[in-house]
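Shown next, in structure tokens, is the structure this report addresses.
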Amino acid sequence: MVEVQGAWPDGFKSGNRDACPSGTVRHNNGGGCATTNTPSSVFVGPYATVLGGTVTGNSRIEDHATIIHGNVSGQSTVGALTLLGSESNMPYSWYHTFTVKDSATVKSTFYPMGWFGDKTASGNVTLLGDLEYYSDKSSNFFYGLVNDSWNGDSSINDVTVKPPYVWR
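Set out below in structure tokens:
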């Protein structure tokens with residue numbers, strides 16, 4: 001562990017929360033930033049952001065996830081550093097949508113979900129980590145290159161060391 005003095009956590013300046021991005025407000029369920037049409041049944045965690053797309057049902061937007069262009073519904077969860085969807089801002093680029101529905105979980109870290117085309121995560125699928133997601137999936141655990149030829153893993157083991165952590 002590291003002890004840091006005089007620093008503030010991400011999202012804070014001088015002990016106060018940063019303002020939400022333009023077009024968003026603090027969401028009453030979780031305290032993250034979301035568009036005003038985000039239903040109160042949706043949880044938007046304190047560091048998560050809903051900039052666009054459609055987020056409905058009892059879905060959860062957690063951690064540092066950002067919804068840009070896509071659909072999140074049902075009992076689904078989007079978390080970690082996930083960027084959901086992409087938005088075109090150049091004449092030679094494109095936008096893609098990504099759908100997370102049912103009880104699916106997406107916790108990605110690198111490419112925006114939807115980078116490789118309009119795709120869907122549904123059922124009880126779990127997508128974790130650095131993903132190149134080329135195929136719609138609805139069950140099992142996936143990470144890395146996800147295409148039609150891989151059926152995923154039926155279970156995974158968490159190798160994170162459990163607390164309590166101590167100063168040395």
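If you count by the working numbering, then the sequence shown holds residues 1 to 168, one letter each, in order. C-beta: ideal position from N, C-alpha, C; glycine also. These numbers come from a predicted model, not from an experiment.
Legend entry - the region 79 to 89 in contact with the region 97 to 112 per 3-pair CB rule at 8 Å: Touching, yes.
Inset, instruction - For VAL25, name the three-state secondary structure that DSSP assigns. - result: Taking the sequence shown and counting its residues from 1, the one referred to as residue 25 is at position 25. Look at VAL25 here: in three-state DSSP terms it is strand.
Inset, instruction - Tell me whether the beta-carbon of SER41 lies closer than 8 Å to the beta-carbon of ASN28. - result: As a first step, residue 41 is located in the sequence shown; it is residue number 41 there, counting from the start. As a first step, residue 28 is located in the sequence shown; it is residue number 28 there, counting from the start. Cβ distance not < 8 Å, so SER41 and ASN28 don't count as in contact.
Inset, instruction - Please confirm whether any heavy atom of the ligand HEM lies closer than 7 Å to the CB of PHE12. - result: Summarising the ligand content, the structure contains no ligands, and the ligand HEM is consequently not present.
Inset, instruction - Following the continuous beta strand (DSSP E) through THR38, name the residue where it begins and the one where it ends. - result: In the sequence shown, the residue the question calls residue 38 occupies position 38. Segment: none, THR38 is in no beta strand (DSSP E) and carries neither H nor E.
Inset, instruction - Quick one: using the 10 Å Cβ neighbour count with 16 as the cut-off for buried, is LYS162 buried or exposed? - result: For the purposes of this step, residue 162 is taken as residue 162 along the sequence shown, with counting starting at 1. Around the beta carbon of LYS162, fewer than 16 other beta carbons sit within 10 angstroms, so the residue counts as exposed.
Inset, instruction - Would you kindly work out how many angstroms separate the C-alpha atoms of THR97 and VAL159, rounded to a whole number? - result: Residue mapping note: residue 97 aligns to position 97 of the sequence shown, counting from 1. Residue mapping note: residue 159 aligns to position 159 of the sequence shown, counting from 1. One Cα belongs to THR97, the other to VAL159, and the distance between them is close to 32 Å.
Inset, instruction - Check LEU128 in the structure and name its three-state DSSP category. - result: Taking the first residue of the sequence shown as 1, we reach residue 128 at position 128. Three-state DSSP puts LEU128 in a strand.
Inset, instruction - Check each candidate in TRP167, TYR134, LEU128, ARG168 and name the one with the smallest Cα separation from ASP153. - result: Within the sequence shown, the letter at position 153 stands for residue 153. Ranking TRP167, TYR134, LEU128, ARG168 by Cα distance to ASP153 puts LEU128 first.
Legend entry - Pairwise C-alpha distance: VAL25 and ALA48: The count along the sequence shown starts at 1 and reaches residue 48 at position 48. The count along the sequence shown starts at 1 and reaches residue 25 at position 25. Between ALA48 and VAL25, the C-alpha separation is close to 12 Å.
Legend entry - 8 Å Cβ cutoff met for THR66 and VAL55: Against the sequence shown, residue 66 aligns to sequence position 66. Against the sequence shown, residue 55 aligns to sequence position 55. Against a cut-off of 8 Å, the Cβ pair of VAL55 and THR66 comes out as no contact.
Inset, instruction - Could you please give me the residues that DSSP links to LEU83 through a beta bridge? - result: Here residue 83 is taken as the residue at index 83 of the sequence shown, counted from 1. In the DSSP output, where bridge partners are listed per residue, LEU83 has THR66.
Inset, instruction - Kindly indicate which residue of ILE61, TRP8, VAL4, ILE68 has the alpha-carbon position closest to the one of SER76. - result: The count along the sequence shown starts at 1 and reaches residue 76 at position 76. Closest by C-alpha distance to SER76, out of ILE61, TRP8, VAL4, ILE68, is ILE61.
Inset, instruction - Tell me whether PHE12 is buried or exposed, calling it buried when 16 or more other Cβ atoms sit within 10 Å of its Cβ. - result: To locate residue 12, count along the sequence shown from 1; it is residue 12. Exposed, because fewer than 16 other Cβ atoms sit within 10 Å of the Cβ of PHE12.
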